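Below is one structure; the comments refer to it alone.
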Amino acid sequence: DAGVIQSPRHEVTEMGQEVTLRCKPISGHDYLFWYRQTMMRGLELLIYFNNNVPIDDSGMPEDRFSAKMPNASFSTLKIQPSEPRDSAVYFCASSSAITLYGYTFGSGTRLTVV
Amino acid sequence: DQQVKQNSPSLSVQEGRISILNCDYTNSMFDYFLWYKKYPAEGPTFLISISSIKDKNEDGRFTVFLNKSAKHLSLHIVPSQPGDSAVYFCVLGGAQKLVFGQGTRLTINP
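Protein chains in written order, with this note's numbering: chain A, 1 to 114; chain B, 1001 to 1110.
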């Protein structure tokens, strides 16, 4: 298995533009998580899905952020419109009831909003 | 409102010696305590965990200790190797969610 795959690895965009981050979880994993890492707040959970259904989105900072999981093999995190304070590394992770808290993280997407 | 605190942002240890990383938490409702490791430009990777009903778990060179009365978690690495140089996150697990500490950057010197 190739692990959790995130794209793009790096994204530079102008303030006000829409940004879409993508994630392919490990096949068979039924939990998918989106995390954001910043210097100030560290790694924080934004939202997580179970069997493609959003379970907890209390970490999503604002209405400008939205996440979808249309099927078991794909999820997106969208920011519209983007702002400079959204600059961070965004990680996607997946797990299953068997792996419990042994999440597998992707390599992350480094987002820079200028 | 930090639920998990790693008070040492960095730690430097000689190769072959013991590395001890510490963590304090405030919320006792979590049922698992974990350590994740992160190399630059990569995502965090799971290292070792301990359930709330135990006080020690060992896996090779890595041992995690849990002191519930003190709400304290520690990770011992012995002997330390250069490849152990990374950022280590103390993590609380509960309700299928993980809460990460700020991390401690461990540097192993040859």
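All C-beta atoms, glycine included, are put in the ideal place defined by N, C-alpha and C. A quick note: this is a predicted structure, and the numbers were derived from the prediction, not measured.
Kindly list, in the order they appear in chain A, the residues whose Cβ is closer than 8 Å to that of residue i.
| i | result |
| --- | --- |
| Q1102/B | G42 |
| G1060/B | Chain A residues near G1060/B: none, gap ~16 Å exceeds 8 Å. |
| L1066/B | The contacting residues do not exist; L1066/B stays about 14 Å from chain A at best. |
| G1093/B | L100 and Y101 |
| S1028/B | Ordered by position in chain A, no residue passes the 8 Å Cβ test against S1028/B, which lies about 17 Å from the chain. |
| A1070/B | In chain order: nothing, as chain A lies at least about 22 Å away. |
Given this structure, state the Cα-to-Cα distance separating residue i from residue j, to the nearest angstrom.
| i | j | result |
| --- | --- | --- |
| Q1014/B | I1020/B | 12 Å |
| E11/A | A1041/B | 14 Å |
| R22/A | T1107/B | 33 Å |
| R36/A | I98/A | 25 Å |
| F1033/B | C1090/B | 8 Å |
| P61/A | M39/A | 16 Å |
| S1052/B | A67/A | 32 Å |
| N1057/B | A1086/B | 21 Å |
| A93/A | G108/A | 9 Å |
| T104/A | V89/A | 16 Å |
| G59/A | R41/A | 12 Å |
So if DSSP puts residue i in a beta bridge, which residue, or which two residues, is it bridged to?
| i | result |
| --- | --- |
| G106/A | BP columns for G106/A are empty, so no partner. |
| N1007/B | According to DSSP, N1007/B bridges with nothing at all. |
| A97/A | Paired residues: none, contrary to the question. |
| P1040/B | DSSP, once it has assigned bridges, lists no residue as partnering P1040/B. |
| T1026/B | According to DSSP, T1026/B bridges with nothing at all. |
| V12/A | T112/A |
| R1105/B | S1010/B and V1087/B |
| N52/A | DSSP, once it has assigned bridges, lists no residue as partnering N52/A. |
| V19/A | I79/A |
| Q6/A | C23/A |
Please determine whether the Cβ atom of residue i lies at a distance below 7 Å from any heavy atom of the ligand MG.
| i | result |
| --- | --- |
| E62/A | Looking at this structure, you won't find the ligand MG or any other ligand, since it has none at all. |
Here's a check: name, in chain order, each residue in its chain whose Cβ is nearer than 8 Å to the Cβ of residue i, leaving out the five neighbours to either side.
| i | result |
| --- | --- |
| I1018/B | H1076, I1077, V1078, P1079 and S1080 |
| P1009/B | Q1102, G1103, T1104 and R1105 |
| V19/A | E11, T13, K78, I79, Q80, S82, D86, L111 and V113 |
| M1029/B | G1094 |
| G102/A | S95 |
| L43/A | Y35, R36, Q37 and F91 |
Under 7 Å Cβ-Cβ, which residues of chain A neighbour residue i?
| i | result |
| --- | --- |
| L1034/B | Y101 |
| P1044/B | F105 |
Just the chain B side, please: which residues come within less than 8 Å of residue i by C-beta, in chain order?
| i | result |
| --- | --- |
| L77/A | Result: empty, since nearest Cβ-Cβ is about 15 Å, beyond 8 Å. |
| Y31/A | Q1096 |
| F91/A | G1043 and P1044 |
With a CB to CB cut of under 7 Å and the five nearest residues on each side skipped, what residues in its chain are close to residue i?
| i | result |
| --- | --- |
| Q1003/B | Y1025, T1026, N1027, L1092 and V1099 |
| N50/A | D30 and Y31 |
| N71/A | N52 |
| R64/A | I79, Q80 and P81 |
| S1012/B | T1107 and N1109 |
| I26/A | D1, G3, V4, S94 and T104 |
Starting from the C-beta of residue i, find all residues in its chain whose C-beta is less than 6 Å away, skip the five residues before and the five after it, and write them out in chain order.
| i | result |
| --- | --- |
| I1048/B | W1035, D1059, F1062 and V1064 |
| H1072/B | D1024 |
| Y48/A | F33, I55 and D56 |
| T1045/B | K1037 |
At a CB-CB cut-off below 9 Å, which residues of chain A make contact with residue i?
| i | result |
| --- | --- |
| Q1003/B | The premise fails here: Q1003/B is roughly 11 Å from chain A at the closest Cβ pair, so nothing lies under 9 Å. |
| S1049/B | L100, Y101 and G102 |
| A1169/B | Examination of residue 1169/B is not possible in this model, given that chain B is present from 1001 through 1110 alone. |
Under 9 Å Cβ-Cβ, which residues of chain B neighbour residue i?
| i | result |
| --- | --- |
| L45/A | K1097, L1098, V1099 and F1100 |
| D122/A | Any answer about residue 122/A is impossible in this case: the structure gives chain A only from 1 up to 114. |
Along chain B, which residues have their Cβ under 7 Å away from the Cβ of residue i?
| i | result |
| --- | --- |
| F65/A | Neighbours of F65/A on chain B: none; closest Cβ ~18 Å, over 7 Å. |
Under 8 Å Cβ-Cβ, which residues of chain E neighbour residue i?
| i | result |
| --- | --- |
| Y48/A | Chain labels in this structure do not include chain E; the protein chains are A and B. |
Fill in: Contact the stretch 13-32 of chain A vs the stretch 72-89 of chain A: 3+ CB pairs below 8 Å
yes
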